Amino acid sequence: MTTALDIMHPGAMCIGERENLADAARIMREQGVGALPICGDDDVLVGIVTDRDIVLKCVAEGRNPSEVTCGELAQGRPEIIEGDEEVDRILEVMEEARVRRLPVIDHPAHRLIGMISEADIARHLEKERVAEFVTAICAD
């Protein structure tokens, strides 16, 4: 039984909802990631900001990334998974929501403990299942 804890990147770093997108971009570059969970002052997950969000929702609109907060891009509560959930459930959540990244939380504290990305799925599952997953999240 493979769980989220087995395949996730542990120690995911949250960016505060009041921090700006320029800071988020720097952290992404330093960490070698394309997305950061956004946490509120109470450490509760309020969204995810991606490198694509920064480009399309800020830079392409002529806005200054140093003046736009991460919280401004947080739209709705992101899909999450608990650390003890099995791979089939993880794939189900990601496929249904058509997301490429999934925060992993510790239950019952609901604190971020890691992230699962497409790359994590590819590294840990058989090629046929990875192909099904990619097809499902990319389908129109």
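Quick note on my numbering: the sequence shown kicks off at 19 and runs consecutively.
Glycine included, every Cβ here is placed at the ideal spot set by N, Cα and C.
Since we're looking at a predicted model, the values are computed, not measured.
Taking each of Ile131, Val86, Thr153 in turn and checking the Cα distance to Arg116, the smallest one comes out for Thr153.
Here the C-alpha atom of Ile66 lies approximately 18 Å from the C-alpha atom of Gly101. Rounded to the nearest angstrom, the Cβ distance from Asp24 to Ile33 is 26 Å, too far for a contact under 8 Å. In this chain, the beta strand (DSSP E) harbouring Met133 covers 129-135. Distance from the CA of Lys75 to the CA of Arg141, rounded to the nearest whole angstrom, comes to 31 Å.
According to DSSP, residue pairing for Thr87 in a beta bridge involves Asn38.
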